Amino acid sequence: MDKACASAAEAVADIPDGASVAVGGFGLCGVPTTLIGALHDQGAGGLRVVSNNCGTDGQGLGVLLDADRIARITGSYVGENKEFARRYLSGELEVELVPQGTLAERLRAGGSGIPAFYTPAGVGTAVADGGIPWRHRPDGSVAVASPVKEIRAFDGRQYVLEEGITCDFALVRAARGDRYGNLVFHKSARNFNPLVAMAGRITVAEVEELVEPGRLDPDEIHLPGVFVQRVVLLTAEQAAVKPIERRTVAEPPTGEAVES
Numbered sequence: 002m003d004k005a006c007a008s009a010a011e012a013v014a015d016i017p018d019g020a021s022v023a024v025g026g027f028g029l030c031g032v033p034t035t036l037i038g039a040l041h042d043q044g045a046g047g048l049r050v051v052s053n054n055c056g057t058d059g060q061g062l063g064v065l066l067d068a069d070r071i072a073r074i075t076g077s078y079v080g081e082n083k084e085f086a087r088r089y090l091s092g093e094l095e096v097e098l099v100p101q102g103t104l105a106e107r108l109r110a111g112g113s114g115i116p117a118f119y120t121p122a123g124v125g126t127a128v129a130d131g132g133i134p135w136r137h138r139p140d141g142s143v144a145v146a147s148p149v150k151e152i153r154a155f156d157g158r159q160y161v162l163e164e165g166i167t168c169d170f171a172l173v174r175a176a177r178g179d180r181y182g183n184l185v186f187h188k189s190a191r192n193f194n195p196l197v198a199m200a201g202r203i204t205v206a207e208v209e210e211l212v213e214p215g216r217l218d219p220d221e222i223h224l225p226g227v228f229v230q231r232v233v234l235l236t237a238e239q240a241a242v243k244p245i246e247r248r249t250v251a252e253p254p255t256g257e258a259v260e261s
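As structure tokens, then:
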């Protein structure tokens with residue numbers, strides 16, 4: 002039952018070329034940066050990634066993108082990453098854009114063994130009607146477009162059928178964990194991490210603090226260990242890596258004192 006791994010490199014060593022990998026985080030918050038770095042060093046390519054976004058230039062999943070390791074992205078947000086946009090528009094990257102709430106539910110459904118579900122989100126748009134460019138050709142024309150999805154009416158309202166998502170591997174970050182894989186997330190760093198962990202057939206968690214089984218109050222556990230297969234304890238230096246996408250500092254109003 003001890004799921005602790007000696008290192009991040011050991012934890013991701015068996016991720017092969019072409020694997021589907023779900024990755025936690027939102028922007029750069031709650032992103033498993035150490036596992037991403039280890040996967041970069043490991044060398045796997047042609048990865049099919051599912052994540053809310055693809056990090057920023059040189060940060061988060063942007064590390065793998067810059068190294069040409071990602072072939073396909075399923076996500077809900079493209080902004081903050083110029084290289085992501087360049088690769089998509091030039092035909093170097095296949096991108097499936099999904100409404101954010103739908104993406105969250107597709108991950109949860111997949112992890113719960115639910116193959117598909119109906120949602121009103123996207124009805125009457127290209128999300129349901131198809132035609133969203135998934136991949137471009139170098140000349141800018143569309144090489145692969147999203148398919149038409151099934152529509153069904155319930156109580157007079159239309160809903161679109163969306164499929165659950167499961168992946169070969171999942172990478173997540175948590176504040177605390179025990180050797181059985183039970184995880185606790187810190188505030189907004191929780192974001193997509195529990196859903197991503199559920200969707201992975203083999204889920205790897207990097208944790209800032211690793212405790213012995215029984216030390217975590219059952220009522221504070223956000224994700225039970227049944228969804229986690231490997232746990233990696235971060236060093237103090239690794240745990241301190243928490244980049245911010247855009248730091249904004251407002252000038253105080255003229256004449257007002259600034260608290261020290």
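In terms of our numbering, the sequence shown opens at residue 2 and continues consecutively.
All residues carry an ideal CB built from backbone N, CA and C; glycine is no exception.
Quick caveat, the model's predicted, so the values are computed rather than measured.
Buried versus exposed call for residue i [16 or more other C-beta atoms within 10 Å across all chains shown]
i      : result
Gln60  : buried
Met199 : buried
Ser21  : buried
Pro219 : exposed
Arg216 : exposed
Ser52  : buried
Ala154 : exposed
Ile37  : buried
Pro254 : exposed
Inter-residue Cα distance where the pair is residue i and residue j
i      : j      : result
Asp18  : Leu48  : 6 Å
Tyr289 : Arg180 : Only positions 2 to 261 of the chain appear in the structure, and residue 289 is not among them; the question remains open.
Ser261 : Ala176 : In this prediction, Ser261 scores a pLDDT of 46, lower than 50, which makes its location untrustworthy; no coordinate-derived value is stated.
Tyr78  : Glu11  : 31 Å
Gln239 : Arg158 : 49 Å
Gly80  : Pro121 : 25 Å
Glu246 : Glu213 : 34 Å
Residues that DSSP places opposite residue i in a beta bridge
i      : result
His187 : None, per the DSSP bridge assignment.
Thr120 : Val161
Phe155 : Arg158
Pro57  : In the sequence under discussion, the amino acid at residue 57 is Thr, which differs from the Pro named in the question. BP columns for Thr57 point to Gln60.
Closest Cα partner of residue i within the set the options
i      : options                        : result
Gly123 : Ser21, Ala12, Glu163           : Glu163
Asp3   : Arg138, Arg231, Glu252, Gly201 : Arg231
Thr75  : Tyr89, Ala7, Val64             : Tyr89
Arg107 : Ile166, Arg70, Ala68, Asp67    : Ile166
His223 : Val197, Leu62, Lys83, Ala251   : Val197
Pro195 : Ser91, Ala72, Pro116, Ala23    : Ala23
Residue i at chain B interface by Cβ criterion, 9 Å
i      : result
Arg202 : Among the protein chains of the structure shown there is no chain B, as only one such chain exists.
Task: Validate contact between the segment 206-218 and the segment 176-196 using beta carbons, cut 8 Å, 3 pairs - done: Contact holds: three or more Cβ-Cβ distances are below 8 Å.
Open item on the list: Counting beta carbon pairs with one atom in the segment 146-165 and one in the segment 113-131, are three or more of them shorter than 8 Å?
Closed with: yes
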